[in-house]
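So the protein sequences, as listed, match chains A and B.
With the numbering used here applied, the first sequence covers 1 to 526.
With the numbering used here applied, the second sequence covers 527 to 751.
Note that CB positions come from ideal geometry on N, CA and C, so glycine has one too.
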Amino acid sequence: MNSFLRRWRRSILLQVIGSSVLISIVVTSIVGTLLYSRISDGIYREKAHAAVAEAQSLADYTQSQLDITRYRTDLSLTKVISGILRVADVSPTTSVRETILLATPQTAKSSTVYQGTSNDVLISTIPDSMRKIVRKDFFSDPLRVKILYKGRPNQSIEAIAVGRVIGIPPNYIYEIYYLFPLTQQSQLIDLIRGWMLGTAGVLTLMIALIIWYVVRKVVLPVREVAEVAEKLTEGDLGRRLAIRGEDEMGRLAVSFNEMALAMQQQISRLENLSRLQQRFVSDVSHELRTPLTTIRMASQILYDSRGSLDPAASRSVELLISQIERFETLLTDLLEVSRFDARAAILETKDIDLKPLVLKVIDELQANEMPEFNFQGPDSEYRAEVDDRRIERIIRNLISNAIDHSENKGVTVTMAQSEHEVAIGVRDYGIGFTDRDAERLFDRFWRADPSRSRVRGGTGLGLSIALDDAKLHQGTLKAWGRPGSGANFVVTLPKNPGIPIASDPIEVIPSDQSSTLLPDFDSDDI
Amino acid sequence: MTLIMVVDDDQDLAEMLGIVLNGAGYEVDLVNHGDQALEEFRTNTPDLVLLDVMLPGVDGIEICRQIRAESMVPIVMLTAKGDSHDVVLGLEAGADDYMVKPFKSSELVARLKVRLRRSSTDGSNALRIGDILIDQVAHSLNRDGRTIPLTRLEFDLLVALAKEPGRVFTREALLSEVWGYQHATDTRLVNVHIQRLRSKVERDPDNPELIQTVRGFGYKAGTRK
């Protein structure tokens, strides 16, 4: 039923055919009922006319016969009366009419009552109301009744009853009723009804067929357009409509195709541009590496002999070396970014325990300079199938970022896991960030406060790459921040690749903070 | 004195490499054009070739193939694209190792030292793997009296496996033992060279018996005769 409703909603063809069939059924049944009742009325009226005329002549004839038998004996009278009743005494189904002779109540009080029916017809066939009218007016209008038979309760035949009063010698009043069965008329009306129903059925079917044909003519091309448009949306930009004829549908196809072509050209132009740009970034990065190698080796030689240089030159060489390191990191990050842009980044997963990896990164960073570090998390294995190189980079980027902004107030690294997810949280209590900053946090080369000097000299690409790395694992990277209260970054990774994140083992809003400012960065908006 | 041939079209880098290598005690022969590389190689017969992948004229990979066709000399490639297909092509063309720019002088020198070292003959100078006899002193390989020519790296790789028959070596372990890498995880180096080694020593390289793959772990020397 539901699937039918869905098909109904999705198909104009079905809707139009359904509603037009419904309408035509309603219209034909109204017209048919009207016509039918007129026809059957006419037929009955005709029969009623005939019945009245025939009853009149029969009653006159009977009366005349009775008049002849005046002054004769009861015996002869009985004979005549049974003759009257026997006139129609054929079989009940084929009889032309039935006759009922009834004594009026006054007559019934006299000694001899001549009363009877033909063919075992029950007296109760004639309703009392009719008898009253007959007794009062000496005749009645034709009335439709059902003939009932003695001993056959299931059989009843529709008929028109006409009542008259006759006199039986010497001076008794009797009612005589003639019943004219409507068998033939009923058959005729049944036949007419059959024909009308058949005609209505055929008519409805024809209407449905015609509408189906007409609507199909219109709907099929529309459906085709819809299919091609879906394909175009899915990225199959080469799809086109077949052009048939020069009618409205043909013109639609032509202009649709023109639109698709324009779109395809525009998209491929943009794709080409962006590909060129990605190539350019990648090429530039690579081209810079050869001179950088020379510079690096040269600076190393200077550095090795800095003992013989004056203090200013010696310090300059040290700065040179550290800036070359920074330059190289920047190049590596740029290359990584261009790889993400070109969708050329490949995930090489291994089943590893993430905890030693986190501890290793903390250890390495701690060696340099350090605000207080804190590791929290149950002492267990945090196994997941991940690309360890990328995960290490995420952790390193998040912790470096936290150190940069912690103002030496300490950094807390937390780990937690659920059945299908592993999460690593990096919390600092430093400068934090505002809601407005939150929107741009993961933008490339974005700095929270341009006037603020860099402590460690990160590349400005760290968070952007961390987000890309997390997404590549189909994980999430969420950020929370509050000016003056610090920031919290939580990366959540699926334990098995390809399974979307369903729960958060670590809430991104720290438990010591109750507010709900939250940009969600797991969508594809970057 | 050990002679290193440096083939690089970037004259400044080549000169810098010269200074660094001279400083490390090597003699250096600089070649700036790919077309001259093979000729120079034949004339000077260097002990090691340092080769840039991207060169005008004949490119580095082709030069590598040509040199390997006539010599077992160690070849180290220089590349700016450590992640690209070039690296695998270079290794398949016969390069023993590669350095990704920008490298530190100390890294370069350390790596070249590993490639130039004579394998240490710790007592047992004769090893056997399957039906192959390894002579560590003469640095030669014999099967049924016939010598099988191997590069020094391939020889080191085979010796490393043959010294401990049955032990499973992870790729990382081989990288550290044979290439002198400390934390490297580039398993392409191992995979390519195992393939090259198999094609030389196995009777049927598609069904290796001497060097067996242990799925999910690494490689081991076959013990079957």
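Expressed to the nearest angstrom, what Euclidean distance is found between the alpha-carbon atoms of residue i and residue j?
i: residue 259 of chain A; j: residue 366 of chain A; result: 59 Å
i: residue 234 of chain A; j: residue 228 of chain A; result: 10 Å
i: residue 253 of chain A; j: residue 395 of chain A; result: 54 Å
i: residue 219 of chain A; j: residue 382 of chain A; result: 57 Å
i: residue 199 of chain A; j: residue 16 of chain A; result: 22 Å
i: residue 743 of chain B; j: residue 583 of chain B; result: 42 Å
i: residue 272 of chain A; j: residue 685 of chain B; result: 51 Å
i: residue 506 of chain A; j: residue 269 of chain A; result: 44 Å
i: residue 11 of chain A; j: residue 238 of chain A; result: 27 Å
i: residue 338 of chain A; j: residue 472 of chain A; result: 14 Å
i: residue 307 of chain A; j: residue 548 of chain B; result: 21 Å
i: residue 267 of chain A; j: residue 331 of chain A; result: 30 Å
i: residue 734 of chain B; j: residue 680 of chain B; result: 16 Å
i: residue 93 of chain A; j: residue 146 of chain A; result: Note on residue 93 of chain A: pLDDT 49, under 50, position unreliable in the model; no value is reported.
i: residue 475 of chain A; j: residue 354 of chain A; result: 15 Å
i: residue 495 of chain A; j: residue 287 of chain A; result: 38 Å
i: residue 524 of chain A; j: residue 421 of chain A; result: The pLDDT assigned to residue 524 of chain A is 42, lower than 50, so where the model puts this residue is not dependable; a value taken from the coordinates is nonetheless given after this. The alpha-carbon atoms of residue 524 of chain A and residue 421 of chain A are separated by roughly 20 Å.
i: residue 364 of chain A; j: residue 416 of chain A; result: 22 Å
i: residue 89 of chain A; j: residue 38 of chain A; result: Here residue 89 of chain A scores only 46 on pLDDT, less than 50, and its place in the model is too uncertain to base an answer on.
i: residue 334 of chain A; j: residue 599 of chain B; result: 36 Å
i: residue 411 of chain A; j: residue 346 of chain A; result: 31 Å
i: residue 719 of chain B; j: residue 596 of chain B; result: 18 Å
i: residue 592 of chain B; j: residue 477 of chain A; result: 50 Å
i: residue 619 of chain B; j: residue 589 of chain B; result: 9 Å
i: residue 24 of chain A; j: residue 243 of chain A; result: 35 Å
For residue i, does the count of other Cβ atoms within 10 angstroms reach 16, so buried, or fall short, so exposed?
i: residue 79 of chain A; result: exposed
i: residue 249 of chain A; result: buried
i: residue 91 of chain A; result: Note that residue 91 of chain A has pLDDT 47, beneath the 50 cutoff, so the model's placement of it is unreliable and no number is given.
i: residue 466 of chain A; result: buried
i: residue 401 of chain A; result: buried
i: residue 81 of chain A; result: buried
i: residue 3 of chain A; result: exposed
i: residue 533 of chain A; result: Examination of residue 533 of chain A is not possible in this model, given that chain A is present from 1 through 526 alone.
i: residue 389 of chain A; result: exposed
i: residue 282 of chain A; result: buried
i: residue 428 of chain A; result: buried
i: residue 136 of chain A; result: exposed
Any idea which residues DSSP pairs residue i with across the strands?
i: residue 666 of chain B; result: B:661
i: residue 603 of chain B; result: B:577 and B:624
i: residue 478 of chain A; result: A:490
i: residue 161 of chain A; result: A:143 and A:179
i: residue 695 of chain B; result: B:745
i: residue 423 of chain A; result: A:416 and A:492
i: residue 138 of chain A; result: Answer is none; residue 138 of chain A lacks a bridge partner.
i: residue 374 of chain A; result: A:412
i: residue 531 of chain B; result: B:555 and B:575
i: residue 353 of chain A; result: A:383
i: residue 738 of chain B; result: B:746
i: residue 652 of chain B; result: B:661
i: residue 395 of chain A; result: DSSP lists no partner for residue 395 of chain A.
Contact check, residue i vs residue j under 8 Å by CB: the rounded distance?
i: residue 130 of chain A; j: residue 140 of chain A; result: 6 Å
i: residue 531 of chain B; j: residue 566 of chain B; result: 7 Å
i: residue 606 of chain B; j: residue 289 of chain A; result: 4 Å
i: residue 552 of chain B; j: residue 571 of chain B; result: Actually they do not touch by this definition, with Cβ atoms about 15 Å apart.
i: residue 542 of chain B; j: residue 313 of chain A; result: Wrong, their Cβ atoms sit about 20 Å apart, outside the cutoff.
i: residue 380 of chain A; j: residue 503 of chain A; result: Actually they are not in contact, since the Cβ atoms of residue 380 of chain A and residue 503 of chain A sit about 18 Å apart, beyond 8 Å.
i: residue 100 of chain A; j: residue 134 of chain A; result: In fact, because the Cβ distance is near 11 Å, the residues do not count as touching under 8 Å.
i: residue 161 of chain A; j: residue 181 of chain A; result: Actually they are not in contact, since the Cβ atoms of residue 161 of chain A and residue 181 of chain A sit about 10 Å apart, beyond 8 Å.
i: residue 176 of chain A; j: residue 59 of chain A; result: 6 Å
i: residue 398 of chain A; j: residue 426 of chain A; result: 4 Å
Anything in chain A within Cβ reach of residue i, meaning under 7 Å, just list it in chain order.
i: residue 629 of chain B; result: 293
i: residue 542 of chain B; result: 294, 297 and 298
Any heavy atom of the ligand MG closer than 6 Å to the CB of residue i?
i: residue 529 of chain B; result: Of the ligands one can find in the structure shown there are none, so the ligand MG has no counterpart to examine.
List, in order along the chain, the chain A residues whose C-beta lies closer than 9 Å to that of residue i?
i: residue 740 of chain B; result: The contacting residues do not exist; residue 740 of chain B stays about 17 Å from chain A at best.
i: residue 587 of chain B; result: Within chain A, no residue comes near residue 587 of chain B; the closest Cβ sits about 16 Å away, beyond 9 Å.
i: residue 545 of chain B; result: 297, 298 and 301
Interface residues of chain B around residue i at Cβ under 8 Å?
i: residue 328 of chain A; result: 628
What residues of chain D sit near residue i, judged by a beta carbon separation below 7 Å?
i: residue 473 of chain A; result: This model lacks chain D altogether; the protein chains it does include are A and B.
At 7 Å on the CB atoms, spell out the chain B contacts of residue i, in chain order.
i: residue 300 of chain A; result: 630 and 631
What residues from chain A crowd round residue i, counting only those whose CB sits closer than 8 Å?
i: residue 606 of chain B; result: 286, 287, 289 and 290
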